Ligand SMILES: [Zn+2]
Ligand SMILES: [Zn+2]
C-alpha cells in the first residue's frame with residue numbers, strides 16, 4: 056500500500072514538473088510526451104548514427120571505403136606518443152552534436168544518464184580498450200570549470216568509473232595553458248592550440264598503467280593526443296581515448 060502511494064506521489068510530481076517545464080527534443084525542439092524518456096524525439100533518434108564497423112584501427116575515424124587505417128595513422132612516425140586506440144559511441148552529426156551541446160553549454164544534466172549509458176556500452180563493445188587501469192577525464196582550465204560549473208567529461212567519466220569499478224583520477228592531469236575554443240580552428244591550428252597545454256602532476260600514479268581518457272567529442276583528436284604525449288612522457292604504458300562523438 057505504502058509503495059502504491061509513493062508511486063502515485065512520484066507520478067503526480069513528474070506530471071506537475073512536466074506542466075511547468077515541458078520537455079522538448081534537444082535537436083528539433085519538438086515537444087516530447089510526458090512519459091517519453093529519451094532526449095531526442097523518435098525521428099531525431101533515428102538520425103543519431105552509431106559508429107559503423109568500418110573505422111580506423113587506431114584513431115577510430117569512420118572509413119567509408121573500408122581498410123584498416125586512415126591515411127594519417129598509416130605508418131605515422133609519431134605513433135609511439137599518441138593514443139594507442141580511440142573509440143567513440145556515435146558520429147558527430149546534427150543529432151549527436153545537439154546532444155553534446157545541450158549537455159555542455161545548456162548544462163542539461165538530465166542528459167547524463169542517456170549519454171553515460173552510451174559511453175559505457177561503447178567501452179564494453181571494444182575489447183581493445185578493456186585493459187585500461189585508470190580513467191582520466193580531459194581536464195578543463197579551472198576558470199572555465201568555475202564558469203560552467205562542471206566538467207562534462209568528468210561527469211561522464213565518473214559514471215563510467217562507478218559502472219566498471221575502474222578508478223577515476225582527477226589529480227594527475229591539469230590544463231595549464233589557456234587555449235582558444237577548438238570549434239573555430241582548422242586542423243593545424245587545433246594541433247598547435249593544444250600542444251603542451253596539459254601537464255602531468257601525478258606521474259607516480261600512472262607509471263606502467265594503461266590510461267583511458269574521456270572526452271565528449273573527438274574531431275581532430277588533437278586534445279586526446281596532446282594528453283597522451285604528456286602521460287606517456289610521464290610513464291604511462293598505453294593511453295586510450297573514449298568519446299561520445301567522432302567527427
Ligand atoms: Zn527531434
Ligand atoms: Zn586513423
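Numbering (this note's numbering), first residue to last: 56 to 302. Glycine included, each C-beta is placed from N, C-alpha and C at the ideal position. Keep in mind it's a predicted model, so treat the numbers as computed, not measured.
Residue 278 versus residue 186: straight-line alpha-carbon distance, rounded: Whole-angstrom Cα-Cα distance: 22 Å.
Secondary structure of residue 130, DSSP reduced to three states: Residue state, collapsed to three classes: coil.
Per DSSP, the bridge partner or partners of residue 296: Answer is 141 and 268, bridged to residue 296.
Distance, residue 91 Cα to residue 113 Cα: Roughly 37 Å between the two C-alpha positions.
The region 236 to 254 / the region 213 to 224 touching (three or more Cβ pairs under 8 Å): Below 8 Å, too few C-beta pairs join the region 236 to 254 and the region 213 to 224 to call them touching: fewer than three.
Reduced DSSP secondary structure (H/G/I, E/B, other) of residue 252: DSSP places residue 252 in the coil class of the three-state scheme, outside both helix and strand.
Residue 248 to residue 138 span [Cα, whole Å]: Take the alpha-carbon of residue 248 and the one of residue 138: they are about 18 Å apart.
Continuous alpha helix (DSSP H) stretch holding residue 228: start and end: No alpha helix (DSSP H) contains residue 228, which is instead part of the beta strand (DSSP E) from 228 to 230.
Inter-stretch contact at 8 Å, needing at least 3 Cβ pairs: the region 238 to 248 / the region 193 to 209: As far as the Cβ criterion goes, the region 238 to 248 does not touch the region 193 to 209, which means the pair count is below three.
Buried versus exposed call for residue 162 [16 or more other C-beta atoms within 10 Å across all chains shown]: The residue is exposed, with fewer than 16 neighbouring Cβ atoms inside 10 Å.
Limits of the unbroken alpha helix (DSSP H) element including residue 97: Per DSSP, residue 97 belongs to the alpha helix (DSSP H) from 97 to 102.
Supposed close pair residue 80, residue 103 - CB separation, criterion 8 Å: In this structure residue 80 is not in contact with residue 103, their Cβ atoms being roughly 11 Å apart against a cut-off of 8 Å.
Given 8 Å, three or more beta-carbon pairs between the region 170 to 184 and the region 206 to 220: Remark: three or more beta-carbon pairs, one from each stretch, lie closer than 8 Å, so the region 170 to 184 and the region 206 to 220 are flagged as touching.
Sheet register partners of residue 79 (DSSP bridge): 86.
C-beta atoms of residue 184 and residue 297 nearer than 8 Å: Yes.
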